[in-house]
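Everything on this sheet refers to the single structure shown next.
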Amino acid sequence: MVTMARFEFTPQLRRFTETPVVDTDATTLRGGLEATFARNPRLRGYVLDDQGHLRANVVVFIDGRRSTDRVSLNDPLRADGKVYVLQALSGG
Amino acid sequence: MTDRAWVATRKGLFELRRKGSDWSIANVSFLGEPVSMVLPPTSSSRMLAALNLGHFGVKVHASDDGGVNWHEVTTPAYPEQPAEATGVAWKLVQIWSMESRNGTIWAGTLPGGLFRSDDGGSSWKLNEALWHKPERTEWFGGGYDVPGIHSIAPHPTRPEEMLVGISCGGAWVTKDDGATWALQATGMRAAYMPPDQAENPNTQDPHRIVRCPAKPDVLWTQHHNGIWKSVDDAVSWQEVTTSPLSSFGFAVAVDPSDADTAWFVPGVADQQRVPVAGALAVNRTRDGGKSFETLRKGLPQLACYDLIYRHGLSVAPDGKQLLMGSTTGGLWASGDAGDSWATLSNHLPPIYAVRFG
Chain A
820 MVTMARFEFT PQLRRFTETP VVDTDATTLR GGLEATFARN PRLRGYVLDD
870 QGHLRANVVV FIDGRRSTDR VSLNDPLRAD GKVYVLQALS GG
Chain B
307 MTDRAWVATR KGLFELRRKG SDWSIANVSF LGEPVSMVLP PTSSSRMLAA
357 LNLGHFGVKV HASDDGGVNW HEVTTPAYPE QPAEATGVAW KLVQIWSMES
407 RNGTIWAGTL PGGLFRSDDG GSSWKLNEAL WHKPERTEWF GGGYDVPGIH
457 SIAPHPTRPE EMLVGISCGG AWVTKDDGAT WALQATGMRA AYMPPDQAEN
507 PNTQDPHRIV RCPAKPDVLW TQHHNGIWKS VDDAVSWQEV TTSPLSSFGF
557 AVAVDPSDAD TAWFVPGVAD QQRVPVAGAL AVNRTRDGGK SFETLRKGLP
607 QLACYDLIYR HGLSVAPDGK QLLMGSTTGG LWASGDAGDS WATLSNHLPP
657 IYAVRFG
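Residue numbers (the working numbering), protein chains in the order written: chain A, 820 to 911; chain B, 307 to 663.
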C-alpha cells in the first residue's frame with residue numbers, strides 16, 4: 820500500500836470555495852498544493868499571491884511544524900505527512 | 307438612478323433605498339467581509355464588488371440581479387515579476403477604484419496597476435503601457451505602503467480618452483484607449499516634497515479627481531495640500547484657495563450637469579485628520595471656486611471626529627441627492643444639494659465608498 824501526504828484546509832475557507840481533503844504523492848509543499856489546486860482551481864488565489872508565493876496571512880503546518888519557505892515552497896513532504904493550510908490570526 | 311445607492315464598508319456591502327426623502331438599508335451582502343469598492347450595475351445590469359479578504363487576498367464578485375445573488379469571478383492578477391524589476395512587488399494589494407464605460411470595466415489598484423475587463427470581470431488584463439512607464443518606479447504610497455490608482459475618469463464623449471489619479475503619482479491621461487499615457491498634473495504643488503521637487507507632476511498626491519460629465523474639460527481635485535481645478539482637460543491645473551476652514555481633505559464631488567458646482571469635506575490638516583473644531587461641515591462652491599458656502603445643517607456639530615475618505619462622498623445624476631460616509635461609520639444623506647443633511651446611521655462599519663446606481 821502506498822501512503823500519501825494529506826492536505827486539509829481551514830474551515831474558514833469554506834464560505835468562499837470548496838476545500839477538499841486531498842491525498843497526494845507529491846514530495847514538496849508546492850507539489851502538494853498543485854494537487855489540491857487541480858481539484859479546485861479557485862483555491863490557488865486564496866492560498867498563493869500573484870507571484871505564486873504563500874500569502875502573507877496564510878500559514879502552512881507540515882507535520883506540526885510551520886513551513887519555512889514562503890517563496891519556493893520547497894519544504895519536503897513525508898509520504899504519510901499531514902499538511903494543514905490555515906489563516907494566520909490578525910485583524911479586528 | 308437616484309433612489310438606490312451602495313455603501314462599501316470594512317464589514318460588508320450595504321444597499322440603500324430611498325422613499326421620498328428617507329433612505330434606509332434594504333440589503334446587506336458579504337457581511338463581515340471587507341468590501342473595498344463597488345461598481346453599481348452597468349449598462350449590462352452586471353455589478354461588481356471588490357473584496358479584500360484579510361487572509362486570502364483580493365477577490366471580485368459579480369451580481370446580475372442588483373446585488374441579490376453573487377458569484378465569484380476572476381481576480382485581476384499581475385504577471386510574473388522579472389528578476390530585474392525594481393520597486394514594489396507585482397502583487398495585487400487592493401482594488402481601490404472601478405469604473406465602466408461602454409461595456410468595459412476598469413479597476414485601479416494598489417500597487418498602481420490599471421486592469422481592464424471587456425467581459426464583465428470574467429477576465430482581466432493589466433494595462434502594460436502605464437505599468438511599464440519608467441516614471442512609475444518614482445511613485446510612492448499615500449496612506450498605504452504602495453502607490454495606488456483611486457480615480458478613474460473616462461471622457462464621456464471621447465471613448466479613447468481617460469484620466470487616472472494616483473496617490474502618489476499625479477494624474478495620467480490616455481487618448482488612445484490605453485496604448486500610451488501622458489503625465490498631466492502640471493500646476494499641482496506638493497508641500498510634502500523637498501522644495502525643488504514640489505512641482506514635479508509625478509509626485510503629486512491628488513486624493514481624488516472627478517470629472518464633470520456635462521463639461522468634461524473641467525476636473526476637480528482634492529489634493530493632499532489643497533484644492534485644484536482644471537478647465538482644459540488636465541492640460542493645466544489651477545489651485546483654488548478660497549475654501550473656508552481648511553483646504554485639506556480627501557473627497558470631492560462635482561455636479562454632473564454643472565461644472566461650477568462641487569463639494570468638499572474639509573479636515574484640519576494632514577497631521578490631524580478630523581473635522582475642524584469637532585464639527586462636520588461640507589464646503590460647496592457654485593461659481594467654479596470663486597467662493598464657497600460652508601454647509602452644516604443636520605451634520606454633527608459637537609465632538610465629531612468623522613473623516614470622509616476618498617470615495618466617501620457621492621452625488622447622484624440629479625445633482626441634488628448626496629451621500630457621505632465616514633471612516634468611523636457615520637452616514638448622511640442630503641436631498642437638496644447639501645443645504646441640509648439627515649443621519650442614516652452613526653454606527654456602520656468603517657465606510658470605504660458610497661455610490662449611487
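We put the beta carbon where it would ideally sit given N, CA and C, even for glycine.
Computed from a predicted structure; not experimentally measured.
B:TRP376 sits in coil when the DSSP states are folded into three classes, being neither helix nor strand. Scanning chain A for C-beta atoms nearer than 7 Å to the C-beta of B:TRP396 yields ASP869, GLN870, reported in chain order. As a beta-bridge residue in DSSP terms, B:MET494 pairs with B:THR492. In the pairwise beta carbon analysis, the stretch 653-661 of chain B is classified as touching the stretch 338-354 of chain B: at least three pairs are separated by under 8 Å. Under DSSP, B:ASP328 forms a beta bridge with B:LYS325. If you check the CB distance, B:ILE614 and B:SER632 come in under 8 Å. Annotation: B:THR315 is outside any alpha helix (DSSP H); the continuous beta strand (DSSP E) that includes it extends over 310-315. Distance check between B:GLY338 and each of B:LYS325, B:TRP329, B:LEU359, B:ARG323 places B:LEU359 closest, using alpha-carbon atoms only. Just so you know, the alpha carbons of A:ALA854 and A:VAL878 end up roughly 18 Å apart. If you draw a straight line from the Cα of B:ARG495 to the Cα of B:GLU405, it is about 27 Å long. Along the stretch 336-363 of chain B, going in chain order, the ones with a CB nearer than 7 Å to a CB of chain A are GLY360, HIS361, PHE362, GLY363. Per DSSP, the beta bridge partners of B:HIS617 are B:ALA659. Distance from the Cα of B:PRO512 is smallest, within the candidate group B:ALA491, B:THR591, B:GLN503, B:VAL582, for B:ALA491.
Excluding the 5 residues flanking it on each side, B:GLY449 has same chain C-beta neighbours closer than 7 Å at SER473, in chain order. Counting along the chain, no beta strand (DSSP E) covers A:TYR865; the unbroken alpha helix (DSSP H) around it starts and ends at 862-866. In the DSSP assignment, A:THR855 falls within the unbroken alpha helix (DSSP H) covering 848-858.
Taking 8 Å as the upper bound for CB-CB distance, B:SER349 and B:GLY409 are in contact here, some 7 Å apart. Looking at the DSSP output, B:VAL364 bridges to B:ASN358. In this chain, the alpha helix (DSSP H) harbouring B:LEU436 covers 434-437. A straight-line Cα-Cα distance of about 42 Å links B:GLU444 and A:GLU827. The beta carbon of B:TYR384 falls within 8 Å of a beta carbon belonging to chain A, placing the residue at that interface.
Nearest Cα to B:ALA520 within the set B:PRO623, B:THR381, B:GLU467, B:VAL588: B:PRO623.
Remark: three or more beta-carbon pairs, one from each stretch, lie closer than 8 Å, so the stretch 601-616 of chain B and the stretch 572-585 of chain B are flagged as touching.
The beta carbon of A:ALA824 sits no closer than 8 Å to any beta carbon of chain B. Across the structure, B:TRP543 and B:LEU525 are spaced so that their CA atoms are roughly 9 Å apart.
For B:LEU345, the beta-bridge partners assigned by DSSP are B:LEU354. In this structure, B:TRP534 sits near B:GLY493, with a CB-CB distance shorter than 8 Å.
Using beta-carbon distances, B:THR381 counts as an interface residue toward chain A, with a partner under 8 Å. When the beta-carbon positions are compared, B:GLY573 and B:PHE554 come within less than 8 Å of each other.
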